[in-house]
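S.K.:
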Amino acid sequence: MLKNRFFWIIAAIMIAGFSVILTYKEQGMELNPSFRTSTMQRLHLTHREDNKVEWELSAREAVFPQDNKEVFLKSISLKINQSPEIYITSGSGVYKTDEGDIILNKNVELNMENSKFTTSSLKWDGKSGTITTDDPVRLAGANFSIDGTGLVAKTEQQKARILKNVKAVYYR
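Heads up: the sequence shown runs through residues 2 to 173, numbered per my numbering.
1. Pairs of beta-carbons, one from the region 143-150 and one from the region 93-101, closer than 8 Å: are there three or more?
2. Identify every residue that forms a DSSP beta bridge with S171.
3. Taking the continuous beta strand (DSSP E) assigned at N108, which residues delimit it?
4. Start and end of the beta strand (DSSP E) containing S91?
5. Thinking C-alpha only, which one of N5, Q158, Y172 is nearest S84?
6. Go through its chain and collect everything with a Cβ distance to L105's Cβ below 8 Å, but skip five positions before and after it.
7. When you compare the CB positions of L111 and I132, do they come within less than 9 Å of one another, or not?
8. At what residues does the beta strand (DSSP E) containing S121 begin and finish?
9. When the distance is taken between beta carbons, is V54 closer than 9 Å to A63?
10. Report the rounded CA-to-CA distance for S129 versus Y172, giving the unit in angstroms.
11. Buried or exposed: V109, going by 16 or more other Cβ atoms within 10 Å of its Cβ?
12. In angstroms, rounded to a whole number, what distance separates the CA positions of W56 and L152?
13. Return the CA-CA distance between N166 and D136, expressed in angstroms with no decimal places.
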């Protein structure tokens, strides 16, 4: 008899709870997420000017915050279409959509013809075609190695300048 009464009391409480939940009209309740984002796997962007592909950006993952001014990227590869072609890879970075800039972090590697450039971060200005960094850099080829700090490179003129502490070794 005690079990029967307990069952009916629990059933009445559950029915009352469900009816309150079902009749609640959500008055005065508003959800405001602190960070709204969208994500995409295997992103590929192509930038064209005058019907010519200027550069291509690929990433394993892209996160698009609500403000649409920056895209956060992981496992990035950037191909700059010029002669010779420039291939840049990085672990992560940010694409600033307003300026067209790409900021790369985590083991940046730039490959061009028979040389390889490495640094820990790099900024590429898509409008002016300028690559810059303030970090330690290394440029290595088949018979040379150049180390230093900081870099400014103009991709169209194919000119690069290491800013400080330059040490070069040439091999025969």
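Built from N, CA and C at the ideal position, the CB exists for glycine as well.
M.R.: Looking at the coordinates:
1. no
2. The sequence position of residue 171 within the sequence shown is 170, counting from 1. This sequence places Tyr at residue 171; Ser is not what is there. DSSP output for Y171 lists F145 as bridge partner(s).
3. As a position in the sequence shown, residue 108 is number 107, starting the count at 1. 102-113 is the extent of the beta strand (DSSP E) around N108.
4. Along the sequence shown, read from residue 1 onward, the residue named residue 91 stands at position 90. Residues 87-97.
5. Numbered from 1 along the sequence shown, position 83 holds the residue referred to as residue 84. Ranking the options by Cα distance to S84, first place goes to Q158.
6. The sequence position of residue 105 within the sequence shown is 104, counting from 1. Excluding sequence neighbours, L105 sits near I77, L79, I89, S91, S93, G94, S122, L123, K124, W125.
7. On the sequence shown, position 110 is the one that residue 111 refers to. On the sequence shown, position 131 is the one that residue 132 refers to. For L111 and I132, yes; Cβs fall inside 9 Å.
8. On the sequence shown, position 120 is the one that residue 121 refers to. Segment 116-126, the beta strand (DSSP E) holding S121.
9. Here residue 63 corresponds to residue number 62 of the sequence shown, with the count starting at 1. Here residue 54 corresponds to residue number 53 of the sequence shown, with the count starting at 1. Taking 9 Å as the Cβ cut-off, A63 and V54 do not qualify as a contacting pair.
10. The sequence position of residue 129 within the sequence shown is 128, counting from 1. The sequence position of residue 172 within the sequence shown is 171, counting from 1. Taking the straight line joining both Cα atoms gives about 34 Å.
11. What you label residue 109 is simply residue 108 of the sequence shown in a count that begins at 1. Burial call: buried.
12. Translated into positions along the sequence shown, residue 56 becomes position 55. Translated into positions along the sequence shown, residue 152 becomes position 151. Their backbone Cα atoms lie some 21 Å apart in a straight line.
13. Along the sequence shown, read from residue 1 onward, the residue named residue 166 stands at position 165. Along the sequence shown, read from residue 1 onward, the residue named residue 136 stands at position 135. The alpha-carbon atoms of N166 and D136 are separated by roughly 11 Å.
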